[in-house]
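S.K.: Pasting a structure here, questions to come.
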Amino acid sequence: MTTIESGTSLESAAPLDASMPVITEGCYAVVRKVGGEHQRVVRLTANSNVLVEKLRFEAESAFGHPFGLFEVIGKRLVPATVEDLRKRDGGDIDMAAVDAENIGVCGNENGEVIAPSAIEAETRQALTEEQISEMKKGEGVSAKDVVSKLVSGSASFASRTSHAKNKYIRRKTKKHQDRVLILKPTIRLLCEAYLRKDHDRAGCLRIDQLSLMLHQGAVHIGRKVLVFDQVLGLITSAVTERLAGAGSCIHLHRGTVAQSIPCFNSMEFSPEILSAFYPVRIDCILNGFQQPAEEGAEKDVKMETEEVENEADESPTEKLSQQQPVQHGGDGRRRNDPEWAAVAAQKKAERLQREAAGLAAIEQGLDTILIGSRSVDPCSLLSLLYSKLRPSGNVVVYSPTIQHCMRAQQWLRERGAIHVVLSDQMYRVQQVLPSRTHPLMSQMVVGGYVLAAIKVIGTPEKKE
Amino acid sequence: MTTIESGTSLESAAPLDASMPVITEGCYAVVRKVGGEHQRVVRLTANSNVLVEKLRFEAESAFGHPFGLFEVIGKRLVPATVEDLRKRDGGDIDMAAVDAENIGVCGNENGEVIAPSAIEAETRQALTEEQISEMKKGEGVSAKDVVSKLVSGSASFASRTSHAKNKYIRRKTKKHQDRVLILKPTIRLLCEAYLRKDHDRAGCLRIDQLSLMLHQGAVHIGRKVLVFDQVLGLITSAVTERLAGAGSCIHLHRGTVAQSIPCFNSMEFSPEILSAFYPVRIDCILNGFQQPAEEGAEKDVKMETEEVENEADESPTEKLSQQQPVQHGGDGRRRNDPEWAAVAAQKKAERLQREAAGLAAIEQGLDTILIGSRSVDPCSLLSLLYSKLRPSGNVVVYSPTIQHCMRAQQWLRERGAIHVVLSDQMYRVQQVLPSRTHPLMSQMVVGGYVLAAIKVIGTPEKKE
Amino acid sequence: MLKTESTDSSSQKGAGIGGPSFVGLSELIEEGDTVIVYVSFGSMYPIVVKRGMSITMKFGQLRHEFLIGKQWGSRVTTTAGFIHALRPTSDLWTRCLPKRTQILYTPDVSLILSLLDVRGGSVVAESGTGSGSLSHALAIGVLPDGHVYTHDIDETRTRKIEAEFKEHGLSHVTTPVVQNVCVEGFFVENSCDGVFLDVPCPWEAVENAVRALSKPRGGRLVSFSPCIEQVQRTASAMREAGFVEVECIEIVPRQLMVVDERKQSLGEFNLHGDGEECAPGKGRKRKTPCGGKDEDGGTTTIVSPSTQPTHTGYLISATMLPRL
Amino acid sequence: MLKTESTDSSSQKGAGIGGPSFVGLSELIEEGDTVIVYVSFGSMYPIVVKRGMSITMKFGQLRHEFLIGKQWGSRVTTTAGFIHALRPTSDLWTRCLPKRTQILYTPDVSLILSLLDVRGGSVVAESGTGSGSLSHALAIGVLPDGHVYTHDIDETRTRKIEAEFKEHGLSHVTTPVVQNVCVEGFFVENSCDGVFLDVPCPWEAVENAVRALSKPRGGRLVSFSPCIEQVQRTASAMREAGFVEVECIEIVPRQLMVVDERKQSLGEFNLHGDGEECAPGKGRKRKTPCGGKDEDGGTTTIVSPSTQPTHTGYLISATMLPRL
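Residue numbers (the UniProt record's numbering), protein chains in the order written: chain C, 1 to 464; chain D, 1 to 464; chain P, 1 to 324; chain X, 1 to 324.
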């Protein structure tokens with residue numbers, strides 16, 4: 001992205017950045033039905049179908065188009081613009097943040113109560129589910145057409161108040177919506193998608209609390225940030241992005257390579273950004289911040305090749321050495337193939353070198369420690385890492401379990417940390433529609449606790 | 001209160017109940033400045049002054065008037081009606097639930113931003129604080145007059161937008177408000193007043209959670225309800241009221257007489273309602289649900305007389321024996337006065353008899369156990385009391401400490417209780433004003449946890 | 001899932017206080033009593049016990065006979081499991097009543113009673129009746145000698161609540177009325193201690209509520225509205241009509257669950273993982289490996305279920321002072 | 001309470017990345033650095049270190065000299081106590097900046113950055129500048145090569161933020177502008193990745209925001225409004241202007257404190273009371289008597305302070321898709 005020189009308004013200037021983001025084969029995308037409630041993170045590969053809230057399309061039909069809005073016509077994506085759709089179909093195309101179940105008894109504009117018979121009559125529909133399904137299979141039949149057929153098929157539609165009519169159309173349009181947004185992944189979109197997909201594995205970490213962590217942790221370019229991330233790579237991704245290639249995101253991980261960080265992979269960071277990413281094995285931390293001696297080359301090579309085979313998609317570091325996406329070997333490749341072993345050995349050497357650099361960064365002194373824990377007691381991390389934090393450095397602990405944060409708070413207080421803040425927060429989406437504004441009737445209510453503190457020196461440690 | 005026979009509308013009928021509640025000497029009242037934020041529970045005695053948010057008046061001036069709205073003119077209360085005030089001064093008289101500090105930068109009706117100079121100018125006021133204070137001391141000068149003087153004294157008023165003008169008037173009126181509501185205490189008013197006064201002693205019990213306890217505890221006429229109330233008598237009062245004189249509110253208490261239940265006293269229950277109130281000493285519960293044997297008559301009589309002297313206002317049972325309020329002895333009365341000792345002895349006999357009846361009610365089987373704990377572990381109560389609960393009976397535990405409820409939940413589950421529900425709830429007041437509707441910017445946010453369960457039989461106890 | 005063979009319960013008993021069902025406190029279940037057949041959390045069915053009838057649930061069938069003479073709260077065997085026979089309460093009724101409309105749930109219902117200052121002897125008017133969730137709580141609250149006038153524009157609903165009140169021993173304190181309170185006003189005037197509104201345009205009923213409230217005693221008005229636009233108009237109408245202490249409250253309950261705390265050291269995690277890799281997406285009950293030793297197995301609470309109601313409506317309340 | 005002898009800090013250093021203060025990470029405090037003088041929780045003061053200057057606080061005086069050459073995070077003695085000299089961060093700055101207006105606080109600020117998808121290189125426009133709480137966070141967020149255009153109608157405020165950015169080493173990524181975005185539009189067009197509005201009538205700025213956003217890249221619009229009426233009009237304007245994914249969020253933070261759990265048995269309570277009688281109304285730190293034995297002294301959390309912010313505003317966000 002380009003910075004614009006200040007001093008003048010740029011009316012009718014040419015696009016400053018012609019690199020409009022384009023959907024390419026194999027790229028990650030966040031897919032959401034317009035007005036839908038769920039978003040999916042998918043990798044768009046040739047020959048794959050994408051299914052989102054009962055709407056199915058062929059991934060391949062998106063390739064080459066810019067990220068954005070599409071209509072699904074017969075399983076193919078057709079690029080659309082908001083302007084065109086509004087011209088063609090009228091109304092607003094956006095129906096996010098609307099309660100699906102918000103039906104019930106309601107009044108008309110004149111405040112008269114609608115007799116329940118009017119509501120019950122909603123089921124008196126001439127069209128059967130099969131007929132609707134049949135209609136939608138035919139090419140070129142848009143949601144709008146389906147809904148207008150439904151309206152004419154409704155025995156009671158005409159007798160409704162216009163408020164009720166509006167509601168009916170909105171609900172039906174939502175159900176038969178055939179528009180889809182294909183968006184380039186961002187931390188915000190991934191956080192929401194993974195929370196919905198499996199809130200437990202995402203550690204119940206919402207975007208507001210993730211944002212708070214980054215902010216209280218003062219994560220910005222140049223800083224050396226150690227991350228313990230048990231939340232699908234959400235924190236690691238956000239930190240790496242904020243560093244913008246300058247500084248260090250030192251990511252602690254189990255096993256040989258960083259794993260269980262799908263968010264990180266979906267972000268498809270550029271090599272420039274990835275240059276600030278340093279995966280370090282927990283083994284090293286437990287080994288006195290030293291890489292452990294090789295135990296057995298045999299076992300290790302085996303693991304390394306397994307990694308190449310199984311974790312290819314998961315390993316985020318590979319891009320560091322190559323500008324172009326790696327062409328992964330097919331299933332046919334054999335573990336004993338010498339060429340394959342050479343690749344593995346090189347990868348390993350690079351990995352170890354990178355890890356050594358990460359360990360060196362730790363020794364220089366950390367500016368921030370971020371812990372996003374699900375099962376690991378934060379104190380167990382702090383007792384190893386706190387001494388590596390520079391004075392005036394920030395530590396932020398997130399956990400869905402309050403006890404984790406309570407113990408960490410006591411631990412930090414005992415060591416003289418200041419500006420210790422423990423908080424949680426309510427997060428609620430409001431439906432904003434004419435005459436129907438209220439918080440959504442039902443939402444995901446999970447969340448966690450954020451503990452922030454600042455390390456100082458010169459304070460005598462408190463006796464406990 | 002009277003029930004109206006159904007079947008016909010009662011247009012222009014005479015008042016059905018002429019007993020309009022009237023303020024009498026010595027009665028309790030909830031006093032609140034109109035539009036004020038705090039309410040005080042006071043006992044209106046002759047020669048006492050009442051001070052509420054800097055507004056002072058003589059209690060005596062209220063006697064004989066019905067509860068309601070008053071203007072304070074020179075420390076005297078003058079009854080007022082909403083209708084008259086609105087006719088005289090215009091506008092709405094009610095300004096509750098308005099943010100005091102909600103000032104800041106704001107736009108006018110046309111959406112233009114007000115330059116900060118306009119806001120800073122607010123301080124350019126010709127009238128000094130002393131002059132205002134002087135004005136208010138003079139009789140007959142109403143808040144309205146003060147505000148209109150302030151408006152004419154403001155250098156910048158005319159240059160303001162009408163939105164800003166409106167806001168200024170509202171804020172100044174609130175500050176110099178001279179109207180006061182004197183209301184008959186209700187559970188709702190007391191709960192709010194005591195929470196604000198000392199939320200810690202009130203156990204952070206809000207009206208919504210108190211209401212939930214009553215409801216989940218199925219408290220209604222006829223039921224035998226055991227109450228452990230560490231929350232200033234809020235639960236005991238609410239239960240006693242709901243029983244409406246039928247059933248038993250068995251109130252456990254420390255010491256010789258029920259104490260630390262100011263809410264109960266403020267309710268001034270009629271003898272009919274009080275007939276369902278049974279104070280029982282914790283000593284009895286710990287003594288196998290038996291009244292302990294007398295330890296030493298000397299000490300006991302001493303305590304009893306102390307009670308008569310010190311706790312007269314606090315002892316809620318005395319009304320049971322007398323229809324008229326007791327005339328308490330003055331400070332001059334001596335402890336050794338034989339007449340006084342006789343009164344004490346009679347009170348003691350009544351108390352013991354009442355306690356015996358309460359213990360008998362427990363033995364017959366409780367319908368509900370309500371625990372409102374602050375420091376006492378609810379399990380310590382449940383282990384003594386649960387066996388006295390009838391099957392299908394309800395137990396509800398409230399505590400500001402989640403651990404109390406967590407342990408109680410486990411305890412109940414182990415004993416096969418069903419429909420076990422643990423909840424907390426957010427409680428938020430909304431400011432509702434034209435174009436300025438939003439939740440109050442700042443509120444008391446304390447609260448607790450409510451655990452409800454139902455006892456059943458025939459379930460094998462779970463092994464732990 | 002639920003199939004009951006008896007929908008007609010024309011039993012005429014239970015009109016007195018201390019009678020059966022909701023208010024009575026008899027030891028044993030009798031014919032004609034309303035029993036809450038409790039299967040599991042969130043799954044319960046109300047029945048009126050009648051010999052010869054039976055109820056079929058997902059996990060078995062139960063003949064009403066088996067309940068008669070049993071102690072309330074008993075565990076009773078069905079053809080494929082067991083249930084508990086619970087005494088009906090206002091709270092349980094709200095959870096299993098036959099829904100004819102959107103209903104008010106326990107947290108709102110209980111707070112509404114407090115906002116209305118409901119006590120024994122209170123006279124309360126309500127509109128609309130809906131499915132009678134609040135109506136039951138009000139009726140029980142005004143016992144023994146208060147009264148609830150419940151208004152609805154729908155005759156079917158009114159007739160149904162009338163039958164339910166009869167069955168539940170609450171007829172003597174209730175009067176269901178088919179009447180549009182916005183247009184026709186309330187059934188009584190100058191009589192009520194409290195008026196409750198749950199109608200689409202509550203502001204249209206405010207003046208009528210003033211008329212319904214007792215002049216000498218004054219009273220409380222409470223209105224429930226899901227949308228903020230309704231709140232705005234209603235609050236204005238209340239202030240205009242001379243109410244004081246106009247206040248708008250929202251409550252959002254949160255259901256919690258007690259679970260074992262997950263706690264392992266970094267070393268344990270490094271060695272064993274957190275138990276997620278083996279069983280991804282398999283819900284809460286995963287065991288966190290901690291290397292054999294089950295050290296300080298504390299408990300913690302989580303919000304559960306993960307998706308919960310986050311809004312039902314705003315409650316606007318206000319006081320009408322006594323008028324001479 | 002705070003009296004600083006130096007208000008004029010015309011030091012011209014700190015224009016580069018890795019420079020002093022907000023972005024730099026030097027080991028030791030140098031002259032010209034902004035230091036957060038941390039006295040206690042909720043009490044801290046920002047100063048620009050300059051030889052010969054001193055700062056006077058409630059609990060003592062501190063000469064700037066004493067800070068120079070000290071390690072960041074050091075404890076430094078004052079005439080009547082001590083302070084900690086902290087490296088400035090966006091979070092701390094928000095807590096102690098010179099307030100010229102209502103400001104946005106950390107929970108909202110941090111979420112706004114995420115809602116705008118701010119990252120290194122982003123171009124962001126903001127209005128109004130206010131006291132620059134969000135502006136600082138945005139400037140740091142777009143480093144090293146993005147840009148923040150911050151608009152305000154008040155020239156004084158604009159000049160002050162300009163000086164602050166200079167002092168804080170953020171000039172090269174920021175352009176403060178005196179401009180009414182509702183009337184005159186934004187300083188740049190077809191350029192931004194994100195636009196943020198905190199103005200009284202945000203709906204009037206929506207069309208101008210569309211013009212400011214990059215056509216080929218698309219972008220995000222976020223608006224902050226305290227009142228629901230503003231939200232309603234803004235959301236409509238956004239939908240009308242062709243935004244998708246219009247969403248309104250409210251967050252309410254809650255500050256918690258860890259305290260000892262109060263726990264006593266019924267017997268202990270009966271014998272000793274709960275410690276309240278002796279010291280009524282004396283705050284939290286009461287000791288619950290439990291008969292000598294200090295059994296399982298667990299901890300718990302309480303919300304503290306008891307009164308907290310419960311609303312700042314609603315955040316409405318929306319996406320403008322790339323336009324050809």
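Idealized CB from N, CA, C, for every residue including glycine. Note that this is a predicted model, so its numbers are computed, not measured.
Please go through the segment 222–267 of chain X and give each complete alpha helix (DSSP H) segment of 4 or more residues, from N-terminal end onward.
M.R.: 228–240
S.K.: Using a beta-carbon distance cut-off of less than 7 Å, what residues from the segment 175–193 of chain D approach chain P?
M.R.: Residues are counted here when their Cβ sits less than 7 Å from a Cβ of chain P; for the segment 175–193 of chain D these are 181, 186, 187, 188, given in chain order.
S.K.: Could you spell out the range, first to last residue, of the beta strand (DSSP E) harbouring residue 28 of chain D?
M.R.: Locating residue 28 of chain D in the second sequence gives position 28, where the first residue counts as 1. Unbroken beta strand (DSSP E) run through residue 28 of chain D: 28–33.
S.K.: Assuming residue 36 of chain P and residue 92 of chain P are in contact, meaning their beta carbons sit under 8 Å apart, how far apart are those beta carbons, in whole angstroms?
M.R.: Along the third sequence, one-based indexing puts residue 36 of chain P at 36. Along the third sequence, one-based indexing puts residue 92 of chain P at 92. Indeed they touch by this definition, with Cβ atoms about 5 Å apart.
S.K.: Does any C-beta atom of chain P lie closer than 8 Å to the C-beta of residue 437 of chain C?
M.R.: Position 437 of the first sequence, counted from the start, is the residue given in the question as residue 437 of chain C. True, the Cβ-Cβ gap to chain P drops below 8 Å.
S.K.: Residue 292 of chain C to residue 284 of chain C, Cα distance in whole Å?
M.R.: Numbered from 1 along the first sequence, position 292 holds the residue referred to as residue 292 of chain C. Numbered from 1 along the first sequence, position 284 holds the residue referred to as residue 284 of chain C. So the alpha carbons of these two residues sit roughly 6 Å apart.
S.K.: With burial defined as no fewer than 16 other Cβ atoms inside 10 Å of the residue's Cβ, what is the status of residue 455 of chain C: buried or exposed?
M.R.: As a position in the first sequence, residue 455 of chain C is number 455, starting the count at 1. The residue in question, residue 455 of chain C, is buried, as its Cβ has 16 or more Cβ neighbours within 10 Å.
S.K.: Quick one: what's got a C-beta closer than 7 Å to residue 79 of chain X's C-beta in the same chain, skipping five residues either side?
M.R.: Along the fourth sequence, read from residue 1 onward, the residue named residue 79 of chain X stands at position 79. Hits under 7 Å: 60, 61.
S.K.: Any contact of the segment 230–243 of chain X with the segment 405–417 of chain C, i.e. 3+ C-beta pairs under 8 Å?
M.R.: no
S.K.: Three-state secondary structure (DSSP) at residue 311 of chain P?
M.R.: Start at 1 with the first residue of the third sequence, and residue 311 of chain P comes out as number 311. Residue state, collapsed to three classes: coil.
S.K.: Spatial neighbours of residue 101 of chain X within its chain, please: C-beta separation below 8 Å, excluding the five flanking residues on both sides.
M.R.: Counting from 1 along the fourth sequence, the entry for residue 101 of chain X is found at position 101. If we look at residue 101 of chain X and ignore the five residues flanking it on each side, its Cβ neighbours are 128, 130, 131, 157.
S.K.: Specify the secondary structure class of residue 71 of chain D as computed by DSSP and reduced to three states.
M.R.: Taking the first residue of the second sequence as position 1, residue 71 of chain D is located at position 71. Looking at residue 71 of chain D - three-state DSSP - the assignment turns out to be strand.
S.K.: Take residue 287 of chain C as the anchor and find which of P:164, P:313, P:270 has the nearest alpha-carbon.
M.R.: Working through the first sequence from its first residue, we reach residue 287 of chain C at position 287. It is P:270.
S.K.: Quick one: which chain X residues come within Cβ less than 8 Å of residue 410 of chain C?
M.R.: By 1-based counting over the first sequence, the position of residue 410 of chain C is 410. Correct list: 258, 299.
S.K.: Determine the contact status of residue 265 of chain P and residue 380 of chain C, defining contact as a CB-CB distance below 8 Å.
M.R.: For this step, residue 265 of chain P is matched to residue 265 along the third sequence. For this step, residue 380 of chain C is matched to residue 380 along the first sequence. Contact flag set, yes.
S.K.: Would you mind telling me which residues of chain C sit closer than 7 Å to residue 71 of chain X, beta carbon to beta carbon, in chain order?
M.R.: Within the fourth sequence, the letter at position 71 stands for residue 71 of chain X. Residues of chain C passing the Cβ test: 391, 457.
S.K.: Rounded to whole angstroms, how far is the Cβ of residue 250 of chain D from the Cβ of residue 362 of chain D, which I believe are closer than 8 Å?
M.R.: Mapped onto the second sequence, residue 250 of chain D falls at position 250. Mapped onto the second sequence, residue 362 of chain D falls at position 362. Contact flag correct, Cβ pair sits at about 6 Å.
S.K.: So, helix, strand or coil for residue 23 of chain P, using DSSP?
M.R.: Locating residue 23 of chain P in the third sequence gives position 23, where the first residue counts as 1. Reduced to three states, the DSSP call for residue 23 of chain P is coil.
S.K.: So, helix, strand or coil for residue 389 of chain D, using DSSP?
M.R.: Looking up residue 389 of chain D in the second sequence gives position 389. Here DSSP, grouped into helix, strand and coil, assigns residue 389 of chain D to strand.
S.K.: Can you give me the Cβ contacts of residue 438 of chain D inside the same chain, cut-off strictly under 8 Å, excluding the 5 residues immediately before and after it?
M.R.: Residue numbering aside, residue 438 of chain D sits at position 438 when the second sequence is read from its first letter. Taken in chain order, the residues that qualify are 430, 431.
S.K.: Compute the Euclidean distance between the alpha carbons of residue 310 of chain P and residue 443 of chain C, then round it to the nearest angstrom.
M.R.: For the purposes of this step, residue 310 of chain P is identified with residue 310 of the third sequence, where counting begins at 1. For the purposes of this step, residue 443 of chain C is identified with residue 443 of the first sequence, where counting begins at 1. Answer to the nearest angstrom: the Cα atoms are 6 Å apart.
S.K.: Closer than 9 Å by beta-carbon distance: list the chain P residues that pair up with residue 67 of chain D, in chain order.
M.R.: As a position in the second sequence, residue 67 of chain D is number 67, starting the count at 1. Those are 218, 321, 322, listed as they occur along chain P.
S.K.: Does the distance from the CB of residue 222 of chain D to the CB of residue 246 of chain D come in under 8 Å?
M.R.: Here residue 222 of chain D refers to the residue found at position 222 of the second sequence. Here residue 246 of chain D refers to the residue found at position 246 of the second sequence. Yes, the pair counts as a contact, with Cβ atoms nearer than the cut-off.
S.K.: Short of 7 Å in beta carbon distance, which residues of its chain neighbour residue 324 of chain P, apart from the five on each side in sequence? Order them along the chain.
M.R.: One-based indexing of the third sequence puts residue 324 of chain P at position 324. So the list is empty, once near-sequence residues are dropped.
S.K.: Would you say residue 182 of chain X and residue 199 of chain X are within 8 Å of each other, going by their C-beta atoms?
M.R.: Your numbering for residue 182 of chain X matches position 182 in the fourth sequence. Your numbering for residue 199 of chain X matches position 199 in the fourth sequence. With a cutoff of 8 Å on beta-carbon distance, residue 182 of chain X and residue 199 of chain X are scored as near each other.
S.K.: Do residue 299 of chain X and residue 257 of chain X have their C-beta atoms within less than 8 Å of each other?
M.R.: Counting from 1 along the fourth sequence, the entry for residue 299 of chain X is found at position 299. Counting from 1 along the fourth sequence, the entry for residue 257 of chain X is found at position 257. No.
S.K.: Using a Cβ-Cβ cutoff of 9 Å, what residues of the segment 263–278 of chain P are near chain C? List them in chain order.
M.R.: 263, 264, 265, 266, 267, 268, 269, 270, 271, 273, 274, 275, 276, 277
S.K.: Contact criterion: CB-CB distance below 8 Å. Does residue 401 of chain D meet it with respect to chain X?
M.R.: Here residue 401 of chain D is taken as the residue at index 401 of the second sequence, counted from 1. Yes, residue 401 of chain D lies at the interface with chain X (some Cβ there is under 8 Å from its Cβ).
S.K.: Name the residue from D:351, D:187, D:214, D:403 whose alpha carbon lies nearest to the alpha carbon of residue 259 of chain P.
M.R.: The residue given as residue 259 of chain P occupies position 259 in the third sequence. The shortest C-alpha separation from residue 259 of chain P is found at D:403.
S.K.: Does any residue of chain X have a CB that is nearer than 8 Å to the CB of residue 398 of chain C?
M.R.: Counting from 1 along the first sequence, the entry for residue 398 of chain C is found at position 398. At a cut-off of 8 Å between C-beta atoms, residue 398 of chain C does not count as an interface residue with respect to chain X.
S.K.: Determine which residues share a DSSP beta bridge with residue 86 of chain X and list them.
M.R.: The residue you call residue 86 of chain X lines up with position 86 of the fourth sequence. According to DSSP, which records beta bridges pairwise, residue 86 of chain X is partnered with X:36.
S.K.: With a threshold of 8 Å, are at least 3 pairs of Cβ atoms found where one atom belongs to the segment 213–230 of chain X and the other to the segment 137–145 of chain X?
M.R.: no
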